[in-house]
Amino acid sequence: MNTNILVVYFTWSNTSQKIAERIQALLQADIFQIQTEKIYPDTYLACIVDAGKEKMKKERPVLRNYLQSIEQYEKIILVFPNWWGGLPMPVFTFLEHLDFSEKTILPVCMNGGSGFSKTIKQLQETCPTAKILEGIEIKKKAAESEETQKRLEKWLRIE
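Quick note: the sequence shown uses full-length UniProt numbering, first residue 1, plus one each step.
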């Protein structure tokens with residue numbers, strides 16, 4: 001078990017959760033889900049409208065649970081969807097409540113075709129004392145494919 005690695009994920013459609021759980025199983029790492037007290041709408045269109053409003057207002061949604069510390073971890077694998085070209089606002093809430101000094105963040109960006117967009121820059125700005133490594137972007141349609149599994153294993157260096 002890799003007790004120095006934490007897989008953290010935020011999901012709306014469960015795609016990020018599936019990828020996070022796959023990574024967690026491959027690495028035998030700890031896992032944590034970012035969950036908001038607010039429930040997002042079930043439909044994609046309504047959800048992106050909500051997410052867009054949060055982004056415009058720079059809201060920090062309240063989370064259901066918070067980690068007290070990440071002191072014991074060296075690496076944080078952060079799995080998230082690209083919402084409106086950036087990090088979902090609940091991810092900001094999570095990041096801003098912890099000290100990422102001397103931590104390494106490995107981003108995994110789920111998207112519909114827009115790649116990382118501004119997410120890496122936002123990670124660097126939000127966690128300036130962390131080392132942000134090259135991440136992997138996964139298109140939602142390919143999330144469960146064998147090719148994606150191989151890409152993940154190669155990225156994690158578990159070939």
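Glycine residues also receive a C-beta, built at the ideal position from the N, C-alpha and C atoms.
If you follow the beta strand (DSSP E) that Ile136 is in, where does it begin and where does it stop?
Its beta strand (DSSP E) spans residues 136–139.
If we count the other Cβ atoms within 10 Å of its Cβ and call it buried at 16 or more, is Glu54 buried or exposed?
When all chains shown are included, Glu54 counts as buried.
Considering Asp30, what are the terminal residues of the beta strand (DSSP E) in which it resides?
Element bounds for Asp30: 29–34.
Which class does Ile39 belong to by DSSP, given the choice of helix, strand or coil?
Three-state result, Ile39: coil.
Can you confirm whether the segment 81–92 touches the segment 50–64 when touching is taken to mean that 3 or more C-beta pairs between the two stretches lie within less than 8 Å?
Yes, the segment 50–64 is in contact with the segment 81–92.
Relative to the alpha-carbon of Pro88, which residue among Phe10, Gly113, Ser117 has its alpha-carbon at the smallest distance?
Nearest of Phe10, Gly113, Ser117 to Pro88, Cα basis: Phe10.
Let me check one thing: in DSSP terms, what residues is Thr104 bridge-paired to?
DSSP lists Lys75, Lys131 as partners of Thr104.
Need the endpoints of the alpha helix (DSSP H) that Leu123 sits in, please.
Element bounds for Leu123: 119–126.
Quick check on the burial criterion: 16 or more other C-beta atoms within 10 angstroms. Buried or exposed for Gln68?
Under this definition Gln68 is an exposed residue.
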